[in-house]
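Peer 1: Sequential numbering of the sequence shown, starting at -14, is according to our numbering.
First the structure, which I've put down as structure tokens, then a few questions once you've had a look.
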Amino acid sequence: MGFIARLVCAYPGVIVTVGALLAGACIWIVVTRFNVVNNTSDLLSDKYPSKINYNELRRDFGSDYRFIVLIQSPDPVQNRRAADEIGTYLETLKPQITTVLSKIDFSAVKPRLLFTRSPDELEKIATQIEDQVNLQKQTENKNQKIQQMALDLNSILAEADQKFDDKYLRKKENWTDFKKFVAQFVSILNKVAAQADGKTLAQEESKVSLDDNALDDFDANEMLAEHEYFSLQAGKAVLVFAYTGEEEKDSDAPFSNTTEKIRRHLKELEAKYPGAQLKLTGEPALDADEMAATKTDTTKATCITLVLIIGLFLLSYRTFLRPAFTFSVLIMAVLWSLGFALVFVGHFNILSIAVIPMVLGIGIDFGIQILGRYEEELGQGRTVNEAVTVALQHTGVAIITGGSTTAAAFFTLCFNDFVGLAELGVIAGASMIFCITANLVVLPAVFILRDRPRSPAQLKAQSSNSAWH
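Listed below in structure tokens is the structure:
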């Protein structure tokens, strides 16, 4: 520590400049390379059998990593229309979206609808078909008799003349038979006319197919529409699936921008479909939400930490400029830590990103101890160089011991098979080393550059506000 003190006293300007340049380079790294991995499966080591099996399954059959749109309203027909429109829109989001499933095409099934019926319904249909066959046989026998009657048109007309007799019709009891004869008489005349035109009786009577008669008890189109969509709650809820493709570049999460586009479009469609609720979920959307929540909460925690540190500095030292130097060196150490993480680890994850407020909270302790001991030595009449040397040789040793212990505790997480914690251990442990280095090398150099022009009286006066009484 005596050697470091002599080095700092000899080249304070060089040390501060190098530290600032490194911080500037780290800012550039953060701006160009900042990346947070938020895929949960990537946080588990690849040597686990379950992870190996999952990777093989995903490589051979693809992933079920997909967006899910939920459509809810009391109107099933409106839900289906919305599903069609949403499916059409999702098709425009390629290459981030590869396959869209808004409904299943059942047109090939329509000629085979009997396969969709239950055994009881099939027995009913079979009974109907048997009745049709029996009716057809009866009709054929009857037609043979009618044909015989049609050969003698005079006999038909004679019978009609008898039935249309005024005396016959005046008797009310004859009306029932008369009505039946009239219907039969019209049918006979039609068949005679058809026979004269060369048509067969079967052609005249077989107007409807047996299958249509057998299936006329249900609406086939409605049944298909109900089942070709991914419906829940009798059509009051409909799902649309969109499978992901190429991941986005320059995005917080793999599909953050796509998630935002879909949600914005769903919001516009809600105005078009009154009473409908259109919501987005699925793993890509959840990952985007996790990333947004992580960034928001980390930013809040960092801001709260900074505000508390500044507030406590102002309360303790009754001035802003003196602790501001300590605070600036701490920010420099945080930038070094971020640059190291993005260069050697390559990214952050949803756990390691929380290292920023951790480093701020722990690292500020080192600067406070150096500042307190340095100003204490100034208050006892020592020169700037002497105060720096004493502070480093005594308090500096304590900081190295305590900081190294903390760093070692973080580094033990590297032996964890859980990648999320292992990366946190690497970044947090290295951050402690950077905080120790910054506060034992750069911070004393800053004090020297600031205090060398001052008189001993000014230095002693500034130290009088460093302690609580």
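Quick reminder that beta carbons are idealized off the backbone N, C-alpha and C, glycines included.
With residue -2 as the anchor, note down where its alpha helix (DSSP H) starts and where it stops.
Peer 2: Segment -3 to 18, the alpha helix (DSSP H) holding residue -2.
Peer 1: Do you know whose CA, among 51, 311, 341, lies nearest residue 231's CA?
Peer 2: When only C-alpha atoms are compared, the closest one is 51.
Peer 1: Of the residues 22, 364, 381, 440, which one's Cα is nearest the Cα of residue 352?
Peer 2: Taking only the C-alpha atoms, the option nearest residue 352 is 381.
Peer 1: Residue 91 lies in the beta strand (DSSP E); which residues open and close that run?
Peer 2: Unbroken run through residue 91: none, as it is neither H nor E.
Peer 1: Going straight from the alpha carbon of residue 443 to that of residue 17, what length do you get?
Peer 2: Residue 443 and residue 17: Cα-Cα distance of roughly 45 Å.
Peer 1: When you compare the CB positions of residue 83 and residue 228, do they come within less than 7 Å of one another, or not?
Peer 2: It is a contact, given that the beta carbons lie within the stated cut-off.
Peer 1: With DSSP run on the structure shown, which of helix, strand or coil describes residue 463?
Peer 2: Here the chain has residues from -14 to 454 only, and residue 463 is not among them.
Peer 1: Below 8 Å on the Cβ atoms is my contact criterion, and I expect residue 290 with residue 336 to pass it. Report the Cβ-Cβ distance as a whole number of Å.
Peer 2: Wrong, their Cβ atoms sit about 18 Å apart, outside the cutoff.
Peer 1: Given a cut-off of 7 Å on the beta-carbon distance, is the pair residue 271 and residue 54 in contact?
Peer 2: No, Cβ-Cβ distance for residue 271 and residue 54 is not below 7 Å.
Peer 1: Between which two residues does the alpha helix (DSSP H) holding residue 224 run?
Peer 2: Unbroken run through residue 224 is the beta strand (DSSP E), 222 to 229; no alpha helix (DSSP H).
Peer 1: Is it buried or exposed, residue 80, if we count other Cβ atoms within 10 angstroms and call 16 or more buried?
Peer 2: Under this definition residue 80 is an exposed residue.
Peer 1: If you run the structure through DSSP and keep just helix, strand and coil, what is residue 318?
Peer 2: Three-state result, residue 318: helix.
Peer 1: Return helix, strand or coil for residue 215, following the three-state DSSP convention.
Peer 2: Looking at residue 215 - three-state DSSP - the assignment turns out to be strand.
Peer 1: Which of the three DSSP states, helix, strand or coil, is assigned to residue 459?
Peer 2: Because the chain spans -14 through 454 in this model, residue 459 falls outside it and cannot be assessed.
Peer 1: Given a threshold of 16 other Cβ atoms within 10 Å of its Cβ, counted over all protein chains shown, does residue 61 qualify as buried or as exposed?
Peer 2: Residue 61 is buried by the Cβ-count criterion.
Peer 1: Rounded to the nearest angstrom, what separates residue 200 and residue 214 at their Cα positions?
Peer 2: Confidence is the limiting factor: at residue 200 the pLDDT is only 44, short of 50, which leaves the residue's position unreliable, though a coordinate-based value still follows. So the two alpha carbons sit approximately 22 Å from each other.
Peer 1: Residue 104 to residue 110, Cα distance in whole Å?
Peer 2: Distance between the alpha carbons of residue 104 and residue 110: 10 Å.
Peer 1: Check for me: the alpha helix (DSSP H) holding residue 84 runs from which residue to which?
Peer 2: Taken as a continuous stretch (DSSP letters only), residue 84 belongs to no alpha helix (DSSP H), being part of the beta strand (DSSP E) at 82 to 86.
Peer 1: List the DSSP bridge partners of residue 56.
Peer 2: Beta-bridge pairing links residue 56 to 223, 263.
Peer 1: Can you tell me whether residue 303 is buried or exposed? The criterion is at least 16 other CB atoms within 10 Å of its CB, across all chains shown.
Peer 2: Exposed: under 16 other Cβ atoms inside 10 Å.
Peer 1: In the DSSP output, what is residue 334 paired with across the bridge?
Peer 2: According to DSSP, which records beta bridges pairwise, residue 334 is partnered with 22.
Peer 1: Would you call the stretch 279 to 297 in contact with the stretch 242 to 258, where contact means no fewer than 3 C-beta pairs closer than 8 Å?
Peer 2: Counting Cβ pairs under 8 Å, fewer than three are found: no touch.
Peer 1: Going by beta-carbon coordinates alone, are residue 436 and residue 369 separated by less than 7 Å?
Peer 2: Taking 7 Å as the Cβ cut-off, residue 436 and residue 369 qualify as a contacting pair.
Peer 1: Assign residue 46 to one of three DSSP states: helix, strand, or coil.
Peer 2: Three-state result, residue 46: helix.
Peer 1: Using the Cα positions of residue 65 and residue 172, report the straight-line distance between them to the nearest angstrom.
Peer 2: When rounded, the distance between both Cα atoms is 48 Å.
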